[in-house]
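First comes the structure, then the notes that go with it.
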């Protein structure tokens, strides 16, 4: 006969219950209360039940997984939302904010799902997902070269719609077409025209946001401080971005692209060393991204560099330019391809020659893999000795790679306080650390993350210091996270992402969301939480206590269901 379970042996079961309780079917009381609240608060109530998904819905998993862009966060142990809301109208968004707050559940906001750490769709607390993919309208006004683009649209959709209207206008943003506009722009946004035009946020002239009270605000209504904050400070700390009004930029009818590769045996070290001084200072029309990867060729381990470039002009201009500025590269006419700007967008996204631009409308073209990313900024060139030492370390590690993105040009002309993104003049280039892997499981995850962390550590002496800066859209929870939503915790990662602009972001947050409803592991904290923690020695902040009191009945019901299920 099996002996009764003792209290210690019940503990693992209780822990499992806590871990899975919010992955089980949400109780009818949560779902029904939320739907009823939405119907009351929304201007359109006929289809409310069609836009709210609980675990019991047959398409719940499909809706959840369709915008998970990192396989690390699509496992059986990944915390799942109690409810997913897929708004069709702005009033649905407003109602979702009010009702989530009233019921006491955290709200995660997803536009494209490309957050490298999954914070737009994962939380270790009871949470809902507000999935913005239905809100993707793009309204172009060629009279003033402006566009209203909703946050659920993708960059590919934006580029395609611009191309439909004009062949001589574009927008300076990222090269991955499935990235969502809302997260990309609110995190600053950059692409292969960064040296010519700067960041995506440098061309935002208006915006619409839902605040913590459910109000829909444009630039005039929100005020200049909040408008400043959401242009690079991460919109999810302040509200729900509905749309941005952006200005288009001129692009020539003909642009030129090229890709050149070199190994250590083919003067790669000399090329990389010279690239550091040329790429950030050459003609503003030229952007040369450099990939650095450890490879094995002919059974010999080496380093391969790949330089991918966009030149806003023809081949007859860029070849002589680099013959003078960068002879080590050895660029010749045969290496180059002339095309339209929209064709260059396809080339950068690795689509083959002759691919129709309509592929930019395909949201399923992204191949999901296990991945980890990190970032750094370089202010002074790395010496040849330093590079050779780095190559040895990368060959030892075998897997992690680096991507160097040059700055200079327009980036040197804009003050670091103009937007929350501070990494402007004085930065030669930005580094992205990259590792992908195929194997599932905790051990593969630990191993791969350890490798990229070691490479990041090796780079310490070569990159920015005090703080060691990072790029918000290459989110990295290793920098630091907040567990108590305190100012001191937030300052650790906040100063890395925003340098001196962090303090102003905290001030804005304190005004617009003092109870910290809009929060995640790396959100901007309000000063009210800091003051409360200091006064009460780190006990539960008032917003957290308020949320717990609201959600406690639902939590206890679901927890009870989980325990019964296990026993």
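In mature numbering (1 follows the signal peptide of the UniProt record, and there is no 0), the protein residues as written are -25 to -1, 1 to 542.
Glycine residues also receive a C-beta, built at the ideal position from the N, C-alpha and C atoms.
Going by DSSP, residue 295 is part of the alpha helix (DSSP H) stretching over 290 to 300.
Collapsing the DSSP output to three states places residue 136 in a helix. Using a Cβ distance threshold of 9 Å, residue 495 and residue 398 do not count as a contacting pair. Judged by pairs of C-beta atoms under 8 Å, the region 138 to 145 does not touch the region 64 to 77, as fewer than three such pairs exist. Excluding the 5 residues flanking it on each side, residue 469 has same chain C-beta neighbours closer than 6 Å at 477, in chain order. The three-state reading of DSSP puts residue 12 in helix, counting H, G and I together. Per DSSP, residue 26 is not a residue of any beta strand (DSSP E), being assigned neither H nor E.
Look at residue 157 here: in three-state DSSP terms it is helix. Contact between residue 9 and residue 212 is absent: CB atoms are separated by about 23 Å, not below the 8 Å threshold. Judged by DSSP secondary structure, residue 38 falls within the alpha helix (DSSP H) whose first and last residues are 35 to 40. Bounds of any alpha helix (DSSP H) do not take in residue 263; it lies within the beta strand (DSSP E) bounded by 261 to 272. When secondary structure is reduced to three states using DSSP, residue 120 falls in the coil class, being assigned neither helix nor strand. Going by C-alpha positions, residue 438 is about 10 Å away from residue 403. Taking the CA atoms as reference points, residue 330 sits about 14 Å from residue 152.
Residue range 359 to 372 is occupied by the alpha helix (DSSP H) that includes residue 372. Taking a cut-off of 8 Å for Cβ pairs, the region 428 to 446 and the region 361 to 379 touch, as three or more such pairs fall below it.
Spanning the alpha carbons of residue 502 and residue 188 requires a straight line of approximately 19 Å. Contact between residue 208 and residue 480 holds, with the beta-carbon distance rounding to 5 Å and staying under 8 Å.
Following the DSSP letters along the chain, one finds residue 477 inside the alpha helix (DSSP H) bounded by residues 477 to 487.
According to the DSSP assignment, residue 236 belongs to the beta strand (DSSP E) that extends over 230 to 238. Straight-line spacing of the CA atoms in residue 282 and residue 462 works out to 41 Å. Under DSSP, residue 381 takes part in a beta bridge, and its partners are 404. If you draw a 10 Å sphere on the C-beta of residue 318, you find 16 or more other C-beta atoms in it, and that means buried.
Secondary structure note for residue 462: its alpha helix (DSSP H) is the uninterrupted segment 462 to 473. Nearest neighbour of residue 269 by Cα position, chosen from 466, 371, 137, turns out to be 371. Closest in C-alpha terms to residue 195, from the list 132, 460, 181, comes 181. In the displayed model, residue 74 falls within a helix according to three-state DSSP.
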